[in-house]
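S.K.: Chains as they are written, first to last, in the numbering used here: chain A, -18 to 221; chain B, -18 to 221. Every residue gets a Cβ at the ideal spot worked out from N, C-alpha and C, and that includes glycine. Sharing a structure here in structure tokens format.
There are 2 protein chains.
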Amino acid sequence: MPNRKRTNAYARLDESLLRDLPPFSLLDDVQIREILDLARSRRYDAGATIFEEGDEAERFYLLLDGYMRVVRITPEGEHVIALHIPAGQLFGIAKALGRDTYPATSVTAADSVALSWPMRHWDDFVAKYEGFAAQTYKTVGNRVGEMNNRIVEMATRQVEQRIACAMLRLINQTGRKVENGIEIDFPITRQDLSEMTGSTLHTVSRLLSGWEKQGIVESGRKRITVCQPHQLVILSGAQV
Amino acid sequence: MPNRKRTNAYARLDESLLRDLPPFSLLDDVQIREILDLARSRRYDAGATIFEEGDEAERFYLLLDGYMRVVRITPEGEHVIALHIPAGQLFGIAKALGRDTYPATSVTAADSVALSWPMRHWDDFVAKYEGFAAQTYKTVGNRVGEMNNRIVEMATRQVEQRIACAMLRLINQTGRKVENGIEIDFPITRQDLSEMTGSTLHTVSRLLSGWEKQGIVESGRKRITVCQPHQLVILSGAQV
DNA sequence: CATTCAATTTGATTCAGAACAACAAAAAGT
DNA sequence: ACTTTTTGTTGTTCTGAATCAAATTGAATG
């Protein structure tokens, strides 16, 4: 059963929220106010499903805080994490792909806050706001690039390298500097990592144990700290 | 060394070439003439490289005839076929992804003819021609969808299923009805199939031999005919 | 027609990593 | 405090598919 728990947000909607985000970076305060007035803000608990693959694409979203993952589920029920979306990015932008339904499921990986707009405003936004379309192309382009890399990776690298790549991507996107290295800034399980790499939690667990012995990482429950990023880069076969 | 052989085209540029293609389907003959006058037409031998990953994205293309593949090459020199592009579609549309360089290499899989335009016309086209932008989004969206499927496939299916999927995709896109089944309408090697599925030519060869014994396919040098598409669907685990 | 080269087949061997299995430990409920 | 559930570890087995190694077939070339 889909997990759709949500909490209403009490976040104060302030112009400064959007001013520095790429999609709206070229707008003046009046325009930003205009956009904010159309937006709905919501808080989502970690693990909440925002929309599911195949749903009518009714709204598009901007992740203000937290972390999202784009998941696809096979007929057999296996989960594949296609992509991670860090705060500040748009998601659920089906219209930008010429689609009327969401092509994948969106699940929060951490407690998150997102703005959203009815999809009917999409064309207006594209037409009206300087650079919005261009930024959207770029976002889509980057994601296409990432997916492309994933395909190459899956086709040519073995599990250890793929997991190293996945972890490097995560610490690049959400790494938080801590005492003994860089920590992935949201709860992440071995299972998650296996769903990002097309492996099994067992294999991931073994690999992490090995890396821990070598002092490359330090991990606990739903928590991974990379102590020697450089070693991971070497293991990954570079070219992240 | 990149293989860049080309032959100049003598194809007669006729309005009817574009009239029925999605990107230009809503235009009148005057507009189409306009577009054609800006286009360059060229013929490419099978195996020709049209542009390479990382090249300055100087032109965008429309494949009129033939078949293209989008290839990525790893530092180790392994080839991964990311995508096939059938006649009638745009390619090399870096601008649509907000990029200034091509994100992958384009190689013809068969003798082909393509129109192309300088990239500086891109924004004009988007602004000027009704539906061009929308169709572009759709094209991009479809490719994103395909890539997404590839990722899921690689993460969850084993080689036999992946190869079955790849072949089904090919016969859907370019299948030509022949006496005893549907033939892939361009020269394709075991190696090609392995580069589409992240496998090896040996494994592909064995699998095809097996399928041939079962009467599912019939193959020769650079040639594959699917006699029982339905069986392939079953093998693929459906969900192509 | 002989030669060369590319594509394919097939066998033998090896091994990465999945699958299976059991247990441990932490967290969350009751 | 006790049970249940979730998450993680680790051992063992087994197999799919890569790798290694030849041989064969067919097309292209001079």
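Tell me, please, whether the stretch 91 to 106 of chain A touches the stretch 94 to 105 of chain B by the rule of three or more beta-carbon pairs shorter than 8 Å.
M.R.: Segments in contact, no.
S.K.: From Gly201/A, Ala77/A, Glu39/A and Thr155/A, pick the residue whose C-alpha is nearest to that of Ala115/B; which is it?
M.R.: Position 134 of the second sequence, counting from 1, holds the residue named residue 115/B. Out of Gly201/A, Ala77/A, Glu39/A and Thr155/A, Ala77/A has the C-alpha closest to the C-alpha of Ala115/B.
S.K.: Can you grab the Cα-Cα spacing for the pair Leu71/A / Val121/A, in whole Å?
M.R.: To locate residue 71/A, count along the first sequence from 1; it is residue 90. To locate residue 121/A, count along the first sequence from 1; it is residue 140. About 10 Å.
S.K.: Cβ closer than 8 Å: which chain A residues qualify as neighbours of Ala85/B?
M.R.: Residue 85/B sits at position 104 when you count from the first residue of the second sequence. Residues of chain A passing the Cβ test: Asn129.
S.K.: Check the Cβ-Cβ distances between Leu78/A and every residue of chain B, and say whether any is below 8 Å.
M.R.: Your numbering for residue 78/A matches position 97 in the first sequence. Leu78/A counts as touching chain B.
S.K.: List the residues that DSSP assigns as beta-bridge partners of Phe32/B.
M.R.: Start at 1 with the first residue of the second sequence, and residue 32/B comes out as number 51. According to DSSP, which records beta bridges pairwise, Phe32/B is partnered with Ser87/B.
S.K.: Helix, strand or coil, according to DSSP, for Lys(-14)/A in the structure here?
M.R.: Locating residue -14/A in the first sequence gives position 5, where the first residue counts as 1. Legend: pLDDT at Lys(-14)/A = 41, less than 50; position of this residue unreliable, value from coordinates given subsequently. Of the three classes helix, strand and coil, the one that applies to Lys(-14)/A here is coil, per DSSP.
S.K.: Report the three-state DSSP secondary structure of Asp(-5)/A (helix, strand or coil).
M.R.: Taking the first residue of the first sequence as position 1, residue -5/A is located at position 14. Coil, per DSSP.
S.K.: Let's test the definition: count the other Cβ atoms within 10 Å of the Cβ of Ile215/B and tell me whether it reaches 16, buried, or not, exposed.
M.R.: On the second sequence, position 234 is the one that residue 215/B refers to. So Ile215/B counts as exposed.
S.K.: Tell me which residue opens and which closes the beta strand (DSSP E) that Ser93/B is part of.
M.R.: Translated into the one-based positions of the second sequence, residue 93/B becomes position 112. Start and end: Ser93 to Pro99.
S.K.: Less than 8 Å separating the beta-carbons of Tyr20/B and Gly47/B?
M.R.: In the second sequence, the residue the question calls residue 20/B occupies position 39. In the second sequence, the residue the question calls residue 47/B occupies position 66. In the sequence on display, residue 20/B carries Ala and not Tyr. Taking 8 Å as the Cβ cut-off, Ala20/B and Gly47/B do not qualify as a contacting pair.
S.K.: With 7 Å as the limit, tell me which residues of the stretch 170 to 192 of chain A have their beta carbon closer than that to any beta carbon of chain B; keep them in chain order.
M.R.: Listed by position along the chain: Gly179.
S.K.: Please list, in chain order, all residues of the same chain as Gln212/A whose beta carbon is under 7 Å from its beta carbon, the five residues on each side excluded.
M.R.: To locate residue 212/A, count along the first sequence from 1; it is residue 231. Closer than 7 Å at Cβ, skipping near neighbours: Ile197.
S.K.: What's the call for Asn161/A, buried or exposed, on a 16-neighbour Cβ count within 10 Å?
M.R.: Translated into the one-based positions of the first sequence, residue 161/A becomes position 180. Classification for Asn161/A: exposed.
S.K.: Compute the Euclidean distance between the alpha carbons of Gln154/A and Glu127/A, then round it to the nearest angstrom.
M.R.: Taking the first sequence and counting its residues from 1, the one referred to as residue 154/A is at position 173. Taking the first sequence and counting its residues from 1, the one referred to as residue 127/A is at position 146. Each residue's alpha carbon lies about 13 Å from the other.
S.K.: Are the C-beta atoms of Gly28/A and some chain B residue less than 8 Å apart?
M.R.: For the purposes of this step, residue 28/A is taken as the residue at position 47 of the first sequence. It does not: the Cβ of Gly28/A has no partner Cβ on chain B nearer than 8 Å.
S.K.: Given Pro(-17)/A, which residues of its chain have a CB within under 7 Å of its CB, disregarding the five upstream and five downstream residues?
M.R.: Residue mapping note: residue -17/A aligns to position 2 of the first sequence, counting from 1. Caution applies to Pro(-17)/A, whose pLDDT of 40 falls short of 50 and renders its modelled position unreliable; the value that the coordinates give is listed next. Thr30 and Glu33.
S.K.: Work out the CA separation of Asp166/A and Asp105/A for me, nearest whole Å.
M.R.: The residue labelled residue 105/A in the question sits at position 124 within the first sequence. The residue labelled residue 166/A in the question sits at position 185 within the first sequence. Answer to the nearest angstrom: the Cα atoms are 35 Å apart.
S.K.: Considering only the beta carbon of each residue, do Ser217/B and Leu149/B sit closer than 8 Å?
M.R.: Looking up residue 217/B in the second sequence gives position 236. Looking up residue 149/B in the second sequence gives position 168. Yes, these two residues count as a Cβ contact at 8 Å.
S.K.: Given 7 Å as the limit, tell me if Ile144/A has its C-beta closer than that to any heavy atom belonging to the ligand ATP.
M.R.: By its list of ligands, the structure shown contains no ligand whatsoever, and the ligand ATP lies outside what it can speak to.
S.K.: So, for Ile13/B: in the same chain, excluding its five sequence neighbours on each side, which residues have a beta-carbon less than 7 Å away from its beta-carbon?
M.R.: Position 32 of the second sequence, counting from 1, holds the residue named residue 13/B. Excluding positions up to five away in sequence, the list reads Glu(-4), Leu(-1), Arg0 and Phe5.
S.K.: For a cutoff of 8 Å on Cβ pairs, would you count Glu59/B as touching chain A?
M.R.: Your numbering for residue 59/B matches position 78 in the second sequence. Cβ-Cβ to chain A under 8 Å: yes for Glu59/B.
S.K.: The alpha helix (DSSP H) with Leu19/A in it runs from where to where?
M.R.: In the first sequence, the residue the question calls residue 19/A occupies position 38. Here the alpha helix (DSSP H) through Leu19/A covers Asp10 to Leu19.
S.K.: Taking the beta carbon of Val125/A as the centre, do at least 16 other beta carbons fall within 10 Å, making it buried, or is it exposed?
M.R.: For this step, residue 125/A is matched to residue 144 along the first sequence. Under this definition Val125/A is a buried residue.
S.K.: Of all the CB atoms in chain A, is at least one closer than 8 Å to the CB of Val121/B?
M.R.: The count along the second sequence starts at 1 and reaches residue 121/B at position 140. It does; some Cβ of chain A falls within 8 Å.
S.K.: For Ala145/A, count neighbouring C-beta atoms within 10 Å of its own C-beta (all shown protein chains included) and say buried if the count is 16 or more, exposed if not.
M.R.: The residue labelled residue 145/A in the question sits at position 164 within the first sequence. Buried is the call here.
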